[in-house]
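The first sequence begins at 20 in our numbering and counts up by one.
Heads up, the beta-carbon is just placed ideally off N, CA and C, and yes, glycines get one too.
See below for the structure under consideration.
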Amino acid sequence: MIEKNYQPADIESRMAQIWEESGAFRAGRPERKDAPTFTIVIPPPNVTGSLHMGHALNNTLQDILCRFERMRGKDVLWQPGTDHAGIATQMVVERQLMERQEPGRRDMGRAKFLERVWRWKAESGGTIVNQLKRLGASCDWSRERFTMDEGLSKAVIKVFVELHRQGLIYKDKRLVNWDPKLLTAISDLEVQQVEVKGSLWYLRYPIEGRQFDPADPKTFVVVATTRPETMLGDTGVAVHPEDERYTDLVGMHVILPLVGRRIPIVADEYSDPDKGSGAVKITPAHDFNDFDVGNRHSLPRINVFDKEGRVSLIENEDYLRGLPEGALMLAEELHNVDRYAARKKIVARLEDFGFVEKVEPNTHMVPHGDRSNVVIEPYLTDQWYVDAKTLAQPAIAAVRSGATTFVPKNWEKTYFDWMENIQPWCISRQLWWGHQIPAWYGPDGKVFVAETEEEAVGNALGYYVEQEVITPEQGEEMARDPAKREGFIVRDEDVLDTWFSSGLWPFSTLGWPDETPELQRYYPTSTLVTGFDIIFFWVARMMMLGIHFMDEVPFSTVYIHALVRDEKGAKMSKSKGNVIDPLHLVDEYGADALRFTLAAMAAQGRDIKLSTQRVEGYRNFATKLWNACRFAEMNGCSLPGDFDPTQAKQTLNRWIAHEASRTTREVSEAIEAYRFNDAAGAIYRFVWNVYCDWYLELAKPVLLGEDGPAKAETRAMIAWARDEILKLLHPFMPFITEELWAVTAKRDTLLVLTPWPRKAGSLSSEELAQVVTTNPSDALIPTVILELDAGEFSDPEAEAEIGWVVDLVTAIRSVRAEMNIPPATLTPLVLAAASAETKARAQRWNDVVKRLSRLSDISFADSAPEGAVQVLVRGEVAALPLKGVIDLAAERARLEKEIGKADGDIKRVDAKLANEKFVANAPEEIVEEEKEKREAALARKTKLQEALERLKKAS
RNA sequence: GGGCACGUAGCUCAGCGGGAGAGCACUACCUUGACAUGGUAGGGGUCACAGGUUCGAUCCCUGUCGUGCCCA
20 MIEKNYQPAD
30 IESRMAQIWE
40 ESGAFRAGRP
50 ERKDAPTFTI
60 VIPPPNVTGS
70 LHMGHALNNT
80 LQDILCRFER
90 MRGKDVLWQP
100 GTDHAGIATQ
110 MVVERQLMER
120 QEPGRRDMGR
130 AKFLERVWRW
140 KAESGGTIVN
150 QLKRLGASCD
160 WSRERFTMDE
170 GLSKAVIKVF
180 VELHRQGLIY
190 KDKRLVNWDP
200 KLLTAISDLE
210 VQQVEVKGSL
220 WYLRYPIEGR
230 QFDPADPKTF
240 VVVATTRPET
250 MLGDTGVAVH
260 PEDERYTDLV
270 GMHVILPLVG
280 RRIPIVADEY
290 SDPDKGSGAV
300 KITPAHDFND
310 FDVGNRHSLP
320 RINVFDKEGR
330 VSLIENEDYL
340 RGLPEGALML
350 AEELHNVDRY
360 AARKKIVARL
370 EDFGFVEKVE
380 PNTHMVPHGD
390 RSNVVIEPYL
400 TDQWYVDAKT
410 LAQPAIAAVR
420 SGATTFVPKN
430 WEKTYFDWME
440 NIQPWCISRQ
450 LWWGHQIPAW
460 YGPDGKVFVA
470 ETEEEAVGNA
480 LGYYVEQEVI
490 TPEQGEEMAR
500 DPAKREGFIV
510 RDEDVLDTWF
520 SSGLWPFSTL
530 GWPDETPELQ
540 RYYPTSTLVT
550 GFDIIFFWVA
560 RMMMLGIHFM
570 DEVPFSTVYI
580 HALVRDEKGA
590 KMSKSKGNVI
600 DPLHLVDEYG
610 ADALRFTLAA
620 MAAQGRDIKL
630 STQRVEGYRN
640 FATKLWNACR
650 FAEMNGCSLP
660 GDFDPTQAKQ
670 TLNRWIAHEA
680 SRTTREVSEA
690 IEAYRFNDAA
700 GAIYRFVWNV
710 YCDWYLELAK
720 PVLLGEDGPA
730 KAETRAMIAW
740 ARDEILKLLH
750 PFMPFITEEL
760 WAVTAKRDTL
770 LVLTPWPRKA
780 GSLSSEELAQ
790 VVTTNPSDAL
800 IPTVILELDA
810 GEFSDPEAEA
820 EIGWVVDLVT
830 AIRSVRAEMN
840 IPPATLTPLV
850 LAAASAETKA
860 RAQRWNDVVK
870 RLSRLSDISF
880 ADSAPEGAVQ
890 VLVRGEVAAL
900 PLKGVIDLAA
910 ERARLEKEIG
920 KADGDIKRVD
930 AKLANEKFVA
940 NAPEEIVEEE
950 KEKREAALAR
960 KTKLQEALER
970 LKKAS
């Protein structure tokens with residue numbers, strides 16, 4: 020017996036275990052070895068992470084696709100795993116060390132620290148995986164991977180070495196985004212532009228050879244800057260070549276205030292005559308644009324900061340070169356001063372000497388590190404780069420040709436825009452946690468890139484012997500004895516950007532570089548499901564690296580879903596405190612309710628504003644389903660093995676088969692098209708508004724009546740439709756459906772492996788029975804089910820008849836409510852001038868209509884009795900003789916209003932039909948439709964007027 | 001500054017060439033034998049604004065205003 024109340028928590032913990040033990044989520048189940056594959060690689064969450072709403076949405080959608088395709092008989096691989104998340108994880112462990120007042124990372128050294136991170140990973144890394152399981156994610160957990168696993172690391176090394184060999188990875192000294200807090204370079208994508216209110220300083224740079232006089236503009240050039248402290252590293256002033264104000268000055272020099280350096284005035288189109296003064300100071304070592312200008316005019320680059328963003332001038336040869344002696348005083352004063360403190364000091368000094376013309380408030384974009392949240396410093400260092408431009412070309416072509424498509428399509432534009440303007444990808448990070456770069460340096464700094472240290476040593480020794488740096492004998496000795504070569508070559512300390520390894524995810528998880536059967540079978544994957552925020556970070560890189568190393572796109576479809584926001588539409592963030600924890604919702608309403616909410620709200624192209632009320636509503640939906648199944652059980656509904664819904668005799672039963680079939684089609688087509696909200700809406704409507712509201716209600720009299728073929732058939736059909744519901748709903752609400760599947764009948768298989776509803780009637784009853792009873796764990800699921808489209812059973816006659824019943828009941832209820840007839844009052848119903856068909860129907864549905872409309876009796880007459888309330892049902896009059904009970908004036912008003920409505924309709928249509936152009940131009944069927952509308956409205960009006968006449972007689 | 005969305009019921013959102021729908025909220029009634037996490041009925045919208053295309057525009061086009069996001 021099904022319990023009265025549905026308790027998600029009980030079911031969910033139990034069910035997760037049952038699925039796990041059954042191996043239902045395993046890819047490559049033997050009975051599906053000939054089935055088509057369906058593969059999704061999970062966007063690997065950070066090991067440090069815990070489940071947030073974005074994960075919940077992302078994984079719910081993936082799970083819907085996987086469960087759907089699994090039920091359709093495919094060999095599904097949902098590849099799970101986690102990402103080592105370089106900076107994030109290192110920060111977490113460092114913070115932990117600090118909290119526990121243990122020695123910091125640098126104190127304990129690299130090896131010890133890494134050991135600590137691994138230990139931390141072993142203890143806490145499983146959190147998010149467990150949370151995904153609670154959500155019901157049907158990943159093949161036996162195949163879980165981690166980006167720093169041995170196999171995946173091997174792939175990373177191999178990719179690095181090969182790209183290097185191909186010249187697509189190189190080391191370069193150029194400006195990078197330097198994070199002065201985390202002390203590492205980061206990629207462009209990890210930089211967030213933040214609007215900051217600052218100032219624009221107008222500085223006077225004295226022209227060489229003219230006596231500086233603050234009052235005489237001829238003696239200086241004014242440059243505008245938002246970063247006055249970088250003036251220490253200025254090596255030029257740029258003006259626009261067509262800016263006539265400055266034409267005479269080009270080629271001359273200015274003397275850098277305070278510093279005394281002599282720097283040229285150059286003409287360059289970079290400077291914007293309309294901005295500031297039109298002249299701009301050039302600091303090639305601390306600004307990306309200035310770097311380019313410097314290159315064009317061969318200006319020196321002077322780095323004036325250290326790694327932590329402090330001014331560094333003492334022993335700074337680049338800075339001191341060619342400076343007059345007095346300059347050192349300034350250097351001493353500013354040395355080791357933080358860049359912002361230095362700004363104040365410098366501005367104060369400049370003011371003292373009249374070098375500041377004015378200061379304007381200025382709002383501008385300032386780059387910040389997305390992890391550290393400090394201002395990023397463009398910084399001149401050696402880093403490793405990927406030639407993204409070259410790799411991007413085939414990745415662009417693949418989307419252009421349709422080998423990979425984006426859903427919704429408009430994201431392709433975003434992808435193209437970025438890919439076509441892609442910059443070299445800085446992949447080295449000055450961190451410890453990550454894949455250490457497989458590059459070794461010889462004594463003279465020469466780089467040896469190799470897959471292993473042995474190989475690098477071999478190459479290096481060979482090279483240095485050849486260069487006669489060491490003798491062949493020394494070389495051999497060093498090759499033999501590691502102690503002898505200690506320190507001769509040293510490995511690059513840096514690690515790779517996390518996204519470098521996640522970019523390989525679609526094939527590294529399948530065993531690449533080994534030619535594994537999995538790689539053969541599951542690559543390329545089917546669909547990638549992800550948020551738009553990582554199109555650049557991840558999707559683009561997978562496309563580039565996947566195509567380069569596998570010669571095939573990594574996935575054929577990229578489904579981009581929305582962002583989950585709070586109910587006011589704000590982005591959820593810890594600092595705003597508006598984060599809704601999905602696990603709290605799971606605790607309170609159940610995983611199924613949360614999943615269904617997310618699916619129902621996942622309309623393409625719009626963000627999700629999540630409200631708990633909505634979740635509560637879908638929890639209620641689960642309860643509704645639960646009770647419908649309970650009702651079926653209480654009425655002894657079960658499905659005989661040979662039951663064929665298309666052969667049902669009862670109109671009501673044929674009707675629900677018809678509706679179920681339509682719903683199957685709607686749900687299937689919607690999921691196929693990634694219209695999750697439509698799919699959820701279709702099944703929701705079917706369960707609640709069709710199955711519960713009408714089918715079960717209409718079936719009650721039969722169930723309460725005497726045993727017989729009709730009752731037997733109805734019981735079977737209730738069970739059949741219930742099973743169809745459980746199947747259709749399973750991808751959305753896996754827990755409750757699996758539970759109900761188990762408790763409503765004796766089953767041979769779990770719902771998770773049960774075939775998706777097929778076209779009703781397409782299999783013989785023997786075949787149907789066989790499919791139903793086949794145990795997928797040890798037998799073949801007939802491949803035929805893959806060929807079948809979802810339901811095409813249709814019965815318009817049944818639809819018309821049940822439609823009439825529904826309309827009649829609704830009309831009576833409505834008028835009763837309007838006339839304030841208490842529910843306890845049973846009234847008679849008279850069908851006036853009913854057609855033979857109506858009479859027959861009324862007799863067939865006598866019990867039901869009486870019950871649902873609270874009638875005492877149904878009879879027929881040529882015309883409605885005097886003083887009766889009259890309503891139109893499908894063109895015929897249904898009358899409730901309520902003389903004395905009803906308010907005649909109110910009823911008269913009601914009828915007049917109805918007549919007015921009908922009149923309005925007629926007028927509207929008449930106007931249309933009178934328009935010659937409409938009749939001439941509109942499609943024939945539309946004109947026909949309009950004519951029919953007019954007929955119907957006219958008939959309605961006539962009947963209503965008759966009704967009104969009769970009412971008047973009574974009063 | 002460039003790009004992409006979005007302005008539809010009180011709220012959250014579907015719809016998209018032929019006089020507009022859902023959920024929640026609201027109002028009234030109902031402890032009717034699955035379900036009060038329920039049932040029945042009801043109110044509520046010049047589909048942001050202005051032009052244009054069309055026989056016909058909430059839907060297509062242009063512009064305006066407003067909101068959000070991405071990139072400089």
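{"Asked": "Per-residue burial, CYS445 [other beta carbons within 10 Å of its own, 16 or more giving buried]", "Found": "buried"}
{"Asked": "Exposure of LYS668, with buried meaning 16 or more beta-carbon neighbours within 10 Å", "Found": "exposed"}
{"Asked": "Cβ neighbour criterion (16 or more within 10 Å) applied to THR616", "Found": "buried"}
{"Asked": "Inter-residue spacing [alpha-carbon to alpha-carbon] between ILE21 and GLU685", "Found": "30 Å"}
{"Asked": "With 16 other Cβ atoms within 10 Å as the buried cut-off, status of THR682", "Found": "buried"}
{"Asked": "Three CB pairs or more closer than 8 Å across the segment 301 to 314 and the segment 340 to 351", "Found": "no"}
{"Asked": "Three-state class that DSSP yields for GLN964 in the structure shown", "Found": "helix"}
{"Asked": "Residues near SER172 by beta carbon distance below 7 Å, same chain, minus five either side", "Found": "HIS454"}
{"Asked": "Cβ-based burial, MET348 [other Cβ within 10 Å; buried from 16]", "Found": "exposed"}
{"Asked": "Residue nearest to ARG51 in terms of C-alpha spacing, selected from LEU970, GLU965, ARG870 and PRO774", "Found": "PRO774"}
{"Asked": "Alpha carbon of THR965 to alpha carbon of LYS972, nearest angstrom", "Found": "Checking the sequence, you will find Glu at residue 965 rather than Thr. C-alpha separation (whole angstroms): 11 Å."}
{"Asked": "Beta bridge counterpart(s) of THR382 as assigned by DSSP", "Found": "LYS216"}
{"Asked": "ASP168 vs ALA46 beta-carbon contact at 7 Å", "Found": "no"}
{"Asked": "Check whether PRO99 and THR549 have beta carbons under 7 Å apart", "Found": "no"}
{"Asked": "Whether VAL195 touches GLN449 by CB criterion (7 Å)", "Found": "no"}
{"Asked": "Sequence-distant residues of its chain with Cβ nearer than 6 Å to ALA698 (five each side left out)", "Found": "VAL686, ALA689 and ILE690"}
{"Asked": "CA-to-CA distance, GLY92 to ILE800, given in whole angstroms", "Found": "Note that ILE800 scores a pLDDT of 41, beneath 50, so its modelled location is shaky and nothing firm can be said."}
{"Asked": "Bridge partner(s) assigned by DSSP for SER878", "Found": "VAL849"}
{"Asked": "Reduced DSSP secondary structure (H/G/I, E/B, other) of LYS465", "Found": "coil"}
{"Asked": "Nearest to HIS259 (by Cα), restricted to the options ASP291, ARG280 and VAL241", "Found": "ASP291"}
{"Asked": "Spatially closest choice to MET497 from ARG246, GLY477 and GLN486, by CA coordinates", "Found": "GLY477"}
{"Asked": "Three-state secondary structure (DSSP) of ALA698", "Found": "helix"}
{"Asked": "Cα-Cα separation, SER875 to MET653", "Found": "28 Å"}
{"Asked": "Meets three-Cβ-pair contact criterion under 8 Å: the segment 890 to 898 and the segment 927 to 943", "Found": "no"}
{"Asked": "Top-ranked residue by Cα proximity to PHE219, from LEU671, THR576 and VAL242", "Found": "First, the residue type needs correcting, since residue 219 is Leu and not Phe in the sequence shown. Of the candidates LEU671, THR576 and VAL242, the one whose C-alpha sits nearest the C-alpha of LEU219 is VAL242."}
{"Asked": "Beta-ladder partner(s) of TRP403, from DSSP", "Found": "LYS190"}
{"Asked": "Where the alpha helix (DSSP H) through SER1016 begins and ends", "Found": "The structure shown has nothing for residue 1016, since the chain only spans 20 to 974."}
{"Asked": "GLN150, buried or exposed, once every other Cβ within 10 Å from all chains shown has been counted against 16", "Found": "buried"}
{"Asked": "Cutoff 6 Å; reference GLU31; Cβ partners in own chain excluding five residues on either side", "Found": "ALA610 and PHE754"}
{"Asked": "Beta-carbon proximity check, TYR541 vs LEU80, cutoff 7 Å", "Found": "no"}
{"Asked": "Any non-hydrogen atom of the ligand MG closer than 6 Å to GLU607 Cβ", "Found": "Absence of the ligand MG is noted for the structure shown, with no ligands found whatsoever."}
{"Asked": "Under 7 Å between C-beta atoms of VAL136 and THR67", "Found": "no"}
{"Asked": "N-terminal and C-terminal residue of the beta strand (DSSP E) that LEU891 is part of", "Found": "887 to 892"}
{"Asked": "Same chain only: Cβ atoms within 6 Å of ILE176, ignoring 5 sequence neighbours per side", "Found": "PRO457 and GLU470"}
{"Asked": "Neighbourhood of GLY655 by C-beta, 8 Å cutoff - its chain only, sequence neighbours within 5 removed", "Found": "ARG734"}
{"Asked": "Completely contained alpha helix (DSSP H) runs for the segment 347 to 371, where each covers 4 or more residues", "Found": "358 to 371"}
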